[in-house]
Amino acid sequence: MVAGAMALALALAACGGETTPDETVTEDPDDTEDTTATDDETDPEATAGGDVIFGTTDTVVTLDPAKAYDFASSNILFNVGETLVGFPPGQTEPEPLLAESVDVSDDGLTYTFTIREGVTFHNGHELTSEDVKFSFERVVDMAHPAGAWSLLAGIESIETPDERTAVFTLEQPNSTFLPRLAYTVATIVPSDGHYPAPSAAIEEEDAEELEQAAEEFVQEDLIGTGPYTVAEFREGESITLEANPDYWGDAPANDRVMIRFLQTSSQMKIALESGEIDVAHRDFSPDEQADLETNDDVQVIQGDGGRTRYIVLNPFFDEVADVEVRQAIAAGIDRDRIAEDVFNNTVEPIYSMIPPGYPESVPYFEEYNDQEPSDFIDEPVSFSLHYGGERYGPTEPSLVQVIQRSLEETGLFEVELVSTEWAQFTEEGWPGEDGQYPVFMLGWNPDYIDPDTYVEQFYWSEGFVGSMYNDAEMDELVLAEQAELDDDVRTDLFDQIQRKAADDVVNIPLFQEVPYVFARPEVSGLEDTMDETLIMRYWVVSKS
Numbered sequence: 135m136v137a138g139a140m141a142l143a144l145a146l147a148a149c150g151g152e153t154t155p156d157e158t159v160t161e162d163p164d165d166t167e168d169t170t171a172t173d174d175e176t177d178p179e180a181t182a183g184g185d186v187i188f189g190t191t192d193t194v195v196t197l198d199p200a201k202a203y204d205f206a207s208s209n210i211l212f213n214v215g216e217t218l219v220g221f222p223p224g225q226t227e228p229e230p231l232l233a234e235s236v237d238v239s240d241d242g243l244t245y246t247f248t249i250r251e252g253v254t255f256h257n258g259h260e261l262t263s264e265d266v267k268f269s270f271e272r273v274v275d276m277a278h279p280a281g282a283w284s285l286l287a288g289i290e291s292i293e294t295p296d297e298r299t300a301v302f303t304l305e306q307p308n309s310t311f312l313p314r315l316a317y318t319v320a321t322i323v324p325s326d327g328h329y330p331a332p333s334a335a336i337e338e339e340d341a342e343e344l345e346q347a348a349e350e351f352v353q354e355d356l357i358g359t360g361p362y363t364v365a366e367f368r369e370g371e372s373i374t375l376e377a378n379p380d381y382w383g384d385a386p387a388n389d390r391v392m393i394r395f396l397q398t399s400s401q402m403k404i405a406l407e408s409g410e411i412d413v414a415h416r417d418f419s420p421d422e423q424a425d426l427e428t429n430d431d432v433q434v435i436q437g438d439g440g441r442t443r444y445i446v447l448n449p450f451f452d453e454v455a456d457v458e459v460r461q462a463i464a465a466g467i468d469r470d471r472i473a474e475d476v477f478n479n480t481v482e483p484i485y486s487m488i489p490p491g492y493p494e495s496v497p498y499f500e501e502y503n504d505q506e507p508s509d510f511i512d513e514p515v516s517f518s519l520h521y522g523g524e525r526y527g528p529t530e531p532s533l534v535q536v537i538q539r540s541l542e543e544t545g546l547f548e549v550e551l552v553s554t555e556w557a558q559f560t561e562e563g564w565p566g567e568d569g570q571y572p573v574f575m576l577g578w579n580p581d582y583i584d585p586d587t588y589v590e591q592f593y594w595s596e597g598f599v600g601s602m603y604n605d606a607e608m609d610e611l612v613l614a615e616q617a618e619l620d621d622d623v624r625t626d627l628f629d630q631i632q633r634k635a636a637d638d639v640v641n642i643p644l645f646q647e648v649p650y651v652f653a654r655p656e657v658s659g660l661e662d663t664m665d666e667t668l669i670m671r672y673w674v675v676s677k678s
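In the working numbering, the protein residues as written are 135 to 678.
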């Protein structure tokens, strides 16, 4: 039985579990030449598809699907593991992946998946429906506070009538169910004992005890069915993926991919310009980006969609418990100033948590542009604005400074800026009544392609930000839009959600970033992976 949901804490603690990253190293730690060799005499096999080196300022937090909920970790899972359905490059509707087909009952409650034959995990275990059932029940029973398990809430049962069939029964219809199954929390792992799992749902009321109990079952030795295997993982330094010779689908366009985790964007820029890395992805400063755009030896590829940035206001705190104070803060935010002063107009201001690329988006927060904080409050308000260092790139200090100045210039706010290392930030800022931060900065990459991914986690009381909101009327609206199968009715529900969100102001949407990737001239295939899913599909990238 798989059922229920709980408040989802922010993902982002250090790697843990029974197998440490150091234990997964399969090459000499002092020998990095093998991962970049392109000389025929050195490695004839590798030159067929080439080796590609990516650079990023992100770091992988975990390789366990039950715990992963950060961009870098999820991106590795997308390339090494697979799900029942997935988003092909450039597509916004999920299609069968490890499932050959799916049949949905007329009432929207039953999903019958026919499992693909001839698929084996990296350890040789053959994929069956039992692995599907095991994978989902493991994630939900663990209920790791750092993971995305609440995306699977609402599954009443999973039956496996035979090795090729998995039947999911939902508690109520959910129009987002298939898109959710394309996210890495639904990665299928082997049920052969490699992955430990609790015998029943972990039930701990204390958040710290729950995390400790779940952590006992975390497995960092990633075994999946995907186009790559993990050859080497040096925590905080790099991860190397090798093409899976037994992959059931089309072989990757390269033989090996290394992802290097660089400390600063300036280091990443130098590495790209010198040819030390082939591709740079997340995050450059606007000035660094502008300089790279003038470099004839660097390709610039622009993608669709993009990460959204927003401010969280925790109404459990006295400083922002009054809705009029939160509305005053919204009226004091100058998005155009942010875009110009911080980002050289390379970001797009947004006025709803649902970004404007979705037809359901309604910019109700735009109404605050015509209002002043003094329309809502008479007395000055003091609060601290917390942010996680440069987790979201080198512009973060400038961003919070512009927000601070914009608010303080109104004469009605005194804002203290507090920077905290990311690991500590995620421990202290979350969730609900126990949270220590009244106002703080976050960013969001979509879990799946549906406007609900910008609603559930922020406004539902069991979502990871919604747990600080905990509004019964909003809960009813969110659950109603998920259960609604009529597009017109669902659009109206999204309108009501956005109207109420702009009135209550527990999150303030700021802007959406335009995703870019920068590469050496000899790299190809990147255009095929820069779509709205924000998945970096390493398997389509090659180097001549």
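Beta carbons are placed, not taken as given, at the ideal position from N, Cα and C, and that holds for glycine. Predicted model only: the values in this text are computed from it and were never measured.
Pairwise C-alpha distance: residue j and residue i
i: residue 571; j: residue 554; result: 11 Å
i: residue 194; j: residue 369; result: 8 Å
i: residue 403; j: residue 426; result: 8 Å
i: residue 258; j: residue 462; result: 59 Å
i: residue 250; j: residue 218; result: 9 Å
i: residue 640; j: residue 445; result: 8 Å
i: residue 121; j: residue 358; result: Shown here, the chain extends from 135 to 678; a query on residue 121 therefore has no answer.
i: residue 371; j: residue 411; result: 14 Å
i: residue 341; j: residue 288; result: 22 Å
i: residue 226; j: residue 667; result: 8 Å
i: residue 490; j: residue 245; result: 31 Å
i: residue 290; j: residue 336; result: 17 Å
i: residue 282; j: residue 453; result: 30 Å
i: residue 660; j: residue 374; result: 19 Å
i: residue 579; j: residue 206; result: 11 Å
i: residue 643; j: residue 210; result: 28 Å
i: residue 344; j: residue 422; result: 43 Å
i: residue 507; j: residue 203; result: 36 Å
i: residue 302; j: residue 215; result: 21 Å
i: residue 190; j: residue 306; result: 41 Å
i: residue 647; j: residue 443; result: 8 Å
i: residue 292; j: residue 599; result: 29 Å
When the options are compared against residue i, the one with the closest alpha-carbon
i: residue 575; options: 523, 498, 358; result: 523
i: residue 432; options: 415, 446, 407; result: 407
i: residue 632; options: 608, 400, 415; result: 608
i: residue 483; options: 645, 274, 354; result: 645
i: residue 593; options: 359, 451, 611; result: 611
i: residue 418; options: 604, 650, 438, 665; result: 650
i: residue 617; options: 586, 330, 438; result: 586
i: residue 275; options: 338, 295, 252; result: 338
i: residue 498; options: 396, 220, 637; result: 637
i: residue 671; options: 529, 330, 460, 415; result: 415
i: residue 715; options: 221, 208, 295, 299; result: Nothing can be reported for residue 715, as the shown portion of the chain is limited to 135 through 678.
i: residue 550; options: 557, 534, 622; result: 534
i: residue 655; options: 676, 272, 665; result: 676
Span of the beta strand (DSSP E), counted from its first residue to its last, around residue i
i: residue 575; result: 573-578
i: residue 411; result: That residue, residue 411, is in no beta strand (DSSP E); it is neither H nor E in DSSP.
i: residue 641; result: 641-647
i: residue 189; result: 185-190
i: residue 309; result: That residue, residue 309, is in no beta strand (DSSP E); it is neither H nor E in DSSP.
i: residue 447; result: 442-447
i: residue 237; result: 233-238
i: residue 362; result: 362-368
i: residue 392; result: 390-395
Assigned exposure category for residue i - 16 Cβ within 10 Å defines buried
i: residue 545; result: exposed
i: residue 266; result: buried
i: residue 678; result: exposed
i: residue 176; result: At residue 176, the pLDDT of 36 sits below 50, so the modelled position is not reliable and the matter cannot be decided from this model.
i: residue 476; result: buried
i: residue 355; result: buried
i: residue 269; result: buried
i: residue 429; result: exposed
i: residue 232; result: buried
i: residue 184; result: buried
i: residue 619; result: exposed
i: residue 558; result: exposed
i: residue 539; result: exposed
Limits of the unbroken alpha helix (DSSP H) element including residue i
i: residue 628; result: 621-638
i: residue 420; result: 420-427
i: residue 295; result: Run containing residue 295: none in the alpha helix (DSSP H); it sits in the beta strand (DSSP E), 289-296.
i: residue 606; result: 606-617
i: residue 471; result: 469-475
Any non-hydrogen atom of the ligand PLP closer than 7 Å to residue i Cβ
i: residue 345; result: The ligand PLP is not among the ligands present in this structure, which contains no ligands whatsoever.
Every unbroken beta strand (DSSP E) within the region 491-566, with a cutoff of 3 residues, ordered by chain: 515-521, 547-553
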